[in-house]
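Here's the structure we're looking at; comments come further down.
Number of protein chains: 2
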Amino acid sequence: MKMSTKGRYAVMAMIDIGEHSAGQPVSLAEIAERQDISQEYLEQLFGKLRKAGLVESARGPGGGYRLAREDSDIPVADIIVAVDEPLRVTRCEGDAVDGCVKGQKCCAHDLWSSLGRQMMYFLGSITLDDVVSRRNLALAATVKQAKEHYVRPVA
Amino acid sequence: MKMSTKGRYAVMAMIDIGEHSAGQPVSLAEIAERQDISQEYLEQLFGKLRKAGLVESARGPGGGYRLAREDSDIPVADIIVAVDEPLRVTRCEGDAVDGCVKGQKCCAHDLWSSLGRQMMYFLGSITLDDVVSRRNLALAATVKQAKEHYVRPVA
DNA sequence: CGAATAGTTGACTCCAGCAGTCGGGTATTC
DNA sequence: GAATACCCGACTGCTGGAGTCAACTATTCG
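Same order as they appear, the protein sequences are chains A and B. Once you know that position 87 of the first sequence is 92 in the working numbering, the rest is easy, because the numbers rise by one and skip nothing. Once you know that position 80 of the second sequence is 85 in the working numbering, the rest is easy, because the numbers rise by one and skip nothing.
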């Protein structure tokens, strides 16, 4: 899991499309203007988003990008994963037990993978649509369960 | 919220102390050896951990560090926060609406702060003791609730 | 006392990766 | 065929993390 402005920008741009595309594709110039992100940078990001199949492009005048699927069908996690490179495996990362500590799984290994999973689940369960159509959020009640599940594994 | 090997190392080291300290302080040399982290780097980290009041030090021969509190009383979150600097505010971070987009709160703002909170809650609810005394974990059931709370805010 | 141990501090180097830019493409529309 | 807008790769600057080094201070123990 990784979070940078890259991922943030991508999500913002996707939301922008969701909000302003009325069937018509939305040009990067518009997005750049509205979201205050340089167009050149957006081009980079949208290259990846397109390859990931999250958006479709239309060239020529009147062209731009449109969402490949319903916004209620695009989890935020997909966007992040598409633009943020799969961070290099530093010691203890992902599910593989590559070089944790002396070839063995380090004592905190499960903690990190659990955290990563937690984040992915969270961002995977929230769609573009969710982000657009809501304001003020709070979550708290889930905490206790989170701990329960960590301490006394289900599997 | 930020995650780097810094935070990981710190947690590993703290666990190491928790496991090997039988009343006696544990020296950095030992930890460095067992966890395969350079001692010089550990020195840096422990400087912060000490200032944060998470460990106590004893100098001289036979010296080292010991946990300032019971391991069941040290949430992982505290450790991370102690060593990972409070990341600089890039555009849209923390709770402040500094420079999101043109002075206004950007459309994804709540999403990020919610994610950060989610991580903090998770790591804040897990103590050193939890990490040590468990294996294989899974959490999943919390996801649905997380989404509920995001989409239909309680407050 | 003095030597060995081990924490304390601050400055320093190295480098991957992010943020952002530029220039030249190619497809499409009108 | 001109304007629009996506497409692509290369390039730059720089921050911050990872790790090193050296000199210092406090404590123990013989």
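Built from N, CA and C at the ideal position, the CB exists for glycine as well.
- Using a C-beta cut-off of 8 Å, the stretch 10 to 22 of chain A makes contact with the stretch 105 to 113 of chain B, since at least three inter-stretch Cβ pairs fall below that distance.
- In the displayed model, Ala-34 (chain B) falls within a helix according to three-state DSSP.
- Legend: CB atoms of the stretch 32 to 50 of chain B lying less than 7 Å from CB atoms of chain A belong to residues Gln-40 and Asp-41.
- Within the same chain, and ignoring the five residues on either side of Gly-68 (chain A) in sequence, the residues whose Cβ sits closer than 8 Å to its Cβ are Pro-30, Ser-32 and Ser-62.
- In the three-state scheme derived from DSSP, where H, G and I count as helix and E and B as strand, Gln-44 (chain B) is classed as helix.
- Spatial neighbours of Pro-80 (chain A) in its own chain (CB-CB distance under 6 Å, excluding positions within 5 residues in sequence) are listed in chain order as Gly-129 and Thr-132.
- The Cβ neighbour count for Arg-13 (chain A), taken over all protein chains shown within 10 Å, is at least 16; the residue is labelled buried.
- Distances from the CA of Ala-57 (chain B) to each of B:Val-136, B:Ala-37, B:Ile-84 and B:Ser-43 were compared; the closest alpha carbon is that of B:Ile-84.
- In the structure shown, the three-state DSSP call for Arg-71 (chain B) is strand.
- When Cβ-Cβ separations below 9 Å define contact, Val-106 (chain B) makes contact with chain A.
- By the rule that beta-carbons nearer than 9 Å mark a contact, Val-16 (chain B) touches chain A.
- When B:Met-125, B:Glu-24 and B:Ile-36 are compared, the shortest CA-CA separation from Ser-77 (chain B) is found for B:Glu-24.
- Counting the other Cβ atoms within 10 Å of the Cβ of Gln-40 (chain B) gives 16 or more, which makes it buried.
- When DSSP states are grouped into helix, strand and coil, Gln-49 (chain A) belongs to the helix group.
- DSSP lists no beta-bridge partner residue for Gln-123 (chain B).
- Under the DSSP definition of a beta bridge, Thr-132 (chain A) partners with A:Pro-80.
- Arg-71 (chain A) places its beta carbon less than 9 Å from that of Ile-22 (chain A).
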